[in-house]
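Asks: With mature numbering (1 follows the signal peptide of the UniProt record, and there is no 0) applied, the sequence shown corresponds to residues -20 to -1, 1 to 370, in that order.
Even for Gly, the Cβ is constructed at its ideal location relative to N, Cα and C.
I have a structure here, written as structure tokens, and I will follow up with some questions on it.
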Amino acid sequence: MNHIWTVLLLAIFAVAITSGQFMGNPIECWMPANFPATHVAYAKSLCWVSNTYYIPLEDTIPTDIKTRQEAEITYYQWVPVILLFQAFLFKFPNLVWKMCNGYSGLNMDKICRMADSTMLNSPEDRTKEITNLARYLNKWLITQRNYHYNALIRVRERVSNIFCFCIGKKDGKFLTGFYLFIKLLYVLNIVGQFFLLNAFMANDYHIFGLELIRYLIGQGDWMPMPKFPRVTLCDFEIRQLSNLQKWTVQCVLPVNMFNEKIFIFLWFWFFLLAILAFFNLFLWFYYILFTTNKTKYVRKYLRINRELNTAFDKKLSQKFAEEYLRDDGIFVLRIIAKNSSDMVVTDLVYAMWKVFKETHCAKKRENAGMEDIEREKLNGSTHFYPNGCA
């Protein structure tokens, strides 16, 4: 919703307001009767570009120039620009993600497209594509590791585990930490949008929607909004030879009727986005911070393939999730499930599990020898079971 629908919505609003400004009459003013048509057009254009100011009809127009300047409305000409700038801010986190996630060594967009395309293939082609995708992910997981340990690497991994962010690609937390950073950017953006509009319109915009609801409930009518006045005043001067004539005219801003409705809608839309952004951020923190979530997530798909029938497989599945896939591997699977389907992830986890289990058992045989394996089976070892590395 942040970087697609909101951006599209803001762009549509910007185009609509721009069309009204340049194709219609954004301002109409009550001019003196002796003004010819050319003077009227000139005065209207001058009032549009030089700002107008709002004084309630029941109040007396102040004679002090400074008081008039303090009542100036300076934003209505720039509404389309502000809306487009807001659209860019909503798109910015997504642009950062697309530009930088490849630094992990994995193109997430390509992986998601490959996974999604398997759903349309024949069973034979689908199995082949899943196998190729699993092989690709296995190679990526193997390359993103520290094979030479020292004190610095151990300290770095410990800090990364405690604070749940990645210092390097080989800690298995780069993609996860970077994705959390992007989620945090979305939260900061939506919060900043309220303060941006508050500074833009010089009012308490962050409580604007609450004020509107309270007024509707209490008064049963639409709240008057001095921030979007329809009727304003404009001062301008006309030089005629050595004379400088000053005029004050009353103007109407039809565009403010649309600006008002747009910003009311945006307040509630941003409020909804803020709730969703905070919820989504906390949800991903929950997924990542608790180790049991990773193991449960993997075991869910292995159970579908009936791969957890022995104590050996259950114990090995924990190692598969926590030591082999790690945070980044689990994260990639979650993103694939989000962008394709759980069916694809089920087959993908099964294919990766088979490779991991075969590799694990091959190393056990190589290190211990078949005689030791058989001896441990007979002695009731917790490491080897009849249905384990047979």
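DSSP three-state label for leucine 213, please.
Replies: In the structure shown, leucine 213 sits in a strand (DSSP, three-state: E or B).
Asks: Hey, how far is the Cα of aspartate 307 from the Cα of isoleucine 91?
Replies: The straight-line gap from Cα to Cα measures roughly 17 Å.
Asks: So, under 8 Å CB-CB, aspartate 293 and glutamate 302 are touching, yes? Tell me the CB distance rounded to an integer number of Å.
Replies: Actually they are not in contact, since the Cβ atoms of aspartate 293 and glutamate 302 sit about 15 Å apart, beyond 8 Å.
Asks: According to DSSP, simplified to helix, strand and coil, what is leucine 224?
Replies: Correct three-state label for leucine 224: strand.
Asks: By how many angstroms is the C-alpha of alanine 21 removed from the C-alpha of leucine 213?
Replies: Distance between the alpha carbons of leucine 213 and alanine 21 is about 16 Å.
Asks: Nearest by alpha-carbon distance to glutamate 121: which of Ala95, Phe154, Ser97, Glu109 is it?
Replies: For the record, residue 121 in the displayed sequence is leucine; it is not glutamate. Nearest C-alpha to leucine 121: Phe154.
Asks: What are the boundary residues of the beta strand (DSSP E) that includes glycine 202?
Replies: Checking the sequence shown, residue 202 turns out to be tryptophan, not glycine. Tryptophan 202 -> no beta strand (DSSP E), and no H or E assigned at all.
Asks: With the cut-off set at 8 Å, would you say alanine 51 and isoleucine 35 are in Cβ contact?
Replies: Their beta carbons are under 8 Å apart, which means alanine 51 touches isoleucine 35 by this criterion.
Asks: Pull up the CB-CB distance for tyrosine 304 and phenylalanine 270, whole angstroms please, since I reckon it's below 8 Å.
Replies: Not confirmed; about 18 Å, so no contact.
Asks: Count the other CB atoms, across all protein chains shown, that sit within 10 Å of the CB of serine 297; report buried if there are 16 or more and exposed otherwise.
Replies: When all chains shown are included, serine 297 counts as buried.
Asks: Are three or more beta carbon pairs between the stretch 254 to 271 and the stretch 229 to 242 nearer than 8 Å?
Replies: Flag = no, the stretch 254 to 271 and the stretch 229 to 242 do not touch.
Asks: Check whether the Cβ atoms of cysteine 231 and glutamate 38 sit closer than 8 Å, and answer yes or no.
Replies: Taking 8 Å as the Cβ cut-off, cysteine 231 and glutamate 38 do not qualify as a contacting pair.
Asks: So, do the stretch 41 to 49 and the stretch 67 to 75 have three or more beta carbon pairs nearer to each other than 8 Å?
Replies: The stretch 41 to 49 is not in contact with the stretch 67 to 75.
Asks: State buried or exposed for leucine 86, treating a residue as buried only when at least 16 other CB atoms are found within 10 Å of its CB.
Replies: Result: buried.
Asks: How should valine 29 be labelled, buried or exposed, when 16 other C-beta atoms within 10 angstroms of its C-beta is the threshold for buried?
Replies: Counting Cβ neighbours within 10 Å, valine 29 comes out exposed, since fewer than 16 surround it.
Asks: Can you tell me whether tyrosine 266 is buried or exposed, with buried defined as 16 or more other CB within 10 angstroms of its CB?
Replies: Tyrosine 266 is exposed by the Cβ-count criterion.
Asks: Just to confirm, are phenylalanine 2 and isoleucine 242 a CB contact at a threshold of 8 Å?
Replies: Cβ atoms of phenylalanine 2 and isoleucine 242: not closer than 8 Å.
Asks: Run through DSSP, which three-state label would glutamine 124 get?
Replies: Residue state, collapsed to three classes: coil.
Asks: Could you please give the first and the last residue of the uninterrupted beta strand (DSSP E) stretch that includes glutamate 8?
Replies: Here the beta strand (DSSP E) through glutamate 8 covers 8 to 10.
Asks: Hey, how far is the Cα of asparagine 5 from the Cα of histidine 19?
Replies: About 16 Å.
Asks: What residue range is occupied by the uninterrupted alpha helix (DSSP H) comprising residue 410?
Replies: Only positions -20 to 370 of the chain appear in this structure, which leaves residue 410 out of reach.
Asks: What runs of the alpha helix (DSSP H), each 4 residues or longer, lie entirely inside the stretch 8 to 68?
Replies: Within the stretch 8 to 68, the complete alpha helix (DSSP H) runs of at least 4 residues are 17 to 29, 45 to 50.
Asks: Are three or more beta carbon pairs between the stretch 306 to 326 and the stretch 274 to 281 nearer than 8 Å?
Replies: Touching, per the Cβ criterion.
Asks: Going by other Cβ atoms of all chains shown within 10 Å of its Cβ, with 16 needed for buried, is valine 61 buried or exposed?
Replies: Answer is exposed; the Cβ neighbour count stays below 16.
Asks: Per DSSP, which residues does cysteine 231 bridge with? Please list them.
Replies: Answer by DSSP bridge pairing, in chain order: Cys9, Thr212.
Asks: Can you tell me the Cα-Cα spacing of phenylalanine 245 and proline 206, whole angstroms?
Replies: Near 17 Å, if we compare the C-alpha coordinates of proline 206 and phenylalanine 245.
Asks: Could you tell me which residues DSSP pairs with arginine 219 in its beta bridges?
Replies: Answer is Leu224.
Asks: What residues in its chain sit with their C-beta under 8 Å from that of isoleucine 187, if we drop five residues either side in the sequence?
Replies: Taken in chain order, the list of residues that qualify is empty.
Asks: With respect to the alpha helix (DSSP H) encompassing serine 102, which residues constitute its N-terminal and C-terminal limits?
Replies: Neither: serine 102 is in no alpha helix (DSSP H) and is coded neither H nor E.
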